[in-house]
Amino acid sequence: TFMLVLFCLPWGGYHSFSVTVPSSPVLVVRGATALLPCEFEPNSNALVITWQREEDARVVHSFYYERDQLERQSSDYFNRTKLNHEEFTKGNASLSIASFGLKDAGKYLCIVSNSKGSDRGVVHLVYTAFYSEPRLSILLKSTDVTVQYETEGYPRPEVMWLGSGGQNLTDHLEVSSASDGGLFYLKSSYIAQSPAFNVTFTLKNPAVHQKLQRHVNPNNQNVPMINIIC
Numbered sequence: 080t081f082m083l084v085l086f087c088l089p090w091g092g093y094h095s096f097s098v099t100v101p102s103s104p105v106l107v108v109r110g111a112t113a114l115l116p117c118e119f120e121p122n123s124n125a126l127v128i129t130w131q132r133e134e135d136a137r138v139v140h141s142f143y144y145e146r147d148q149l150e151r152q153s154s155d156y157f158n159r160t161k162l163n164h165e166e167f168t169k170g171n172a173s174l175s176i177a178s179f180g181l182k183d184a185g186k187y188l189c190i191v192s193n194s195k196g197s198d199r200g201v202v203h204l205v206y207t208a209f210y211s212e213p214r215l216s217i218l219l220k221s222t223d224v225t226v227q228y229e230t231e232g233y234p235r236p237e238v239m240w241l242g243s244g245g246q247n248l249t250d251h252l253e254v255s256s257a258s259d260g261g262l263f264y265l266k267s268s269y270i271a272q273s274p275a276f277n278v279t280f281t282l283k284n285p286a287v288h289q290k291l292q293r294h295v296n297p298n299n300q301n302v303p304m305i306n307i308i309c
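In short: position in the sequence shown from 1, add 79, done, that's my numbering.
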């Protein structure tokens with residue numbers, strides 16, 4: 080059954096009432112709880128708050144008749160969303176979404192109505208994930224040596240191989256598409272012509288200001304996780 084909720088609002092209220100949301104995208108790390116800010120001009124009468132996905136109008140969370148109304152909530156957000164009712168009197172309609180994932184990225188509508196009027200704003204959530212500790216392997220052949228790192232994160236990173244003098248040695252970079260878990264799988268390698276090499280692997284994820292730098296030198300006994308295959 081479909082229920083339509085109507086409120087009679089003063090004509091002038093539509094001109095004075097406003098909803099305020101961030102003008103810039105909100106960055107959220109994989110697995111964290113996302114906070115979608117939304118503020119309005121408070122009034123204790125007939126408060127209605129609705130959060131929806133902008134692209135398809137899926138209901139993310141609704142509040143009216145002085146309680147949460149989750150009968151029409153999208154199953155994608157079941158048991159993951161929360162409004163802080165105590166903040167309503169301060170004009171705060173911010174929504175939290177737990178266990179943020181790639182599918183949650185996008186634009187959300189915050190629609191608020193009370194006796195002062197009705198307005199809406201759009202909050203843009205951007206997904207990112209820190210890259211994991213790179214896994215090192217070394218393949219020793221009769222003609223050359225392949226040094227390779229593998230890691231996962233999001234979005235696609237900036238990768239560079241540098242020589243002992245700081246020169247760019249970037250040789251080969253392979254990146255797969257994002258998986259169902261919302262991660263890019265990255266495999267990057269450098270092919271050295273001699274076992275006596277000295278290189279540095281650098282990965283940057285500008286979205287979260289993450290920088291990983293790993294130095295590889297066969298003469299350094301502290302180099303971890305090296306598998307040499309003859």
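The C-beta atom is built at its ideal place from N, Cα and C for all residues, glycine as well.
- The continuous stretches of beta strand (DSSP E) do not include N298, and DSSP gives it neither H nor E.
- For F263, the uninterrupted beta strand (DSSP E) segment begins and ends at 263 to 271.
- At the C-beta level, A177 and T112 come within 9 Å of one another.
- Per DSSP, T222 lies in no beta strand (DSSP E) and is assigned neither H nor E.
- For H203, the uninterrupted beta strand (DSSP E) run begins and ends at 196 to 207, by DSSP.
- The Cβ atoms of T249 and V238 sit closer than 9 Å to each other.
- Taking a C-beta distance under 9 Å as the contact criterion, V98 and L115 do not qualify as a contact pair.
- Here DSSP, grouped into helix, strand and coil, assigns E165 to helix.
- In the structure shown, V287 adopts helical secondary structure according to DSSP, grouped into three states.
- Burial is judged here by how many other beta carbons sit within 10 angstroms of a residue's own beta carbon; N193 has at least 16 and is buried.
- Within 10 angstroms of the beta-carbon of G245 lie fewer than 16 other beta-carbons, which makes it exposed.
- In the three-state DSSP reduction, D183 falls in the helix class (H, G or I).
- Contact between the region 209 to 221 and the region 127 to 145 is absent, with fewer than three C-beta pairs closer than 8 Å.
- Rounded to whole angstroms, S267 and N298 show a C-alpha spacing of 22 Å.
- Residue state for S141 is assigned as strand, using DSSP reduced to three classes.
- Listed in chain order, the non-local C-beta contacts of Y269 below 7 Å within the same chain comprise V226, W240, L248, D250, V278, local neighbours out to five positions each way being set aside.
- In this structure, the alpha-carbon of S123 lies about 10 Å from that of K169.
- When the Cα atoms are used, K186 and E134 turn out to be separated by approximately 7 Å.
- Counting along the chain, no beta strand (DSSP E) covers G245, and no H or E run does either.
- In the three-state scheme derived from DSSP, where H, G and I count as helix and E and B as strand, D155 is classed as helix.
- Between Y228 and L265, the CB-CB gap stays under 9 Å.
- By DSSP's assignment, T160 forms a beta bridge with I176.
- N163 counts as exposed, since fewer than 16 other beta carbons sit within 10 angstroms of its beta carbon.
- In the structure shown, S216 falls within a strand segment according to DSSP collapsed to helix, strand and coil.
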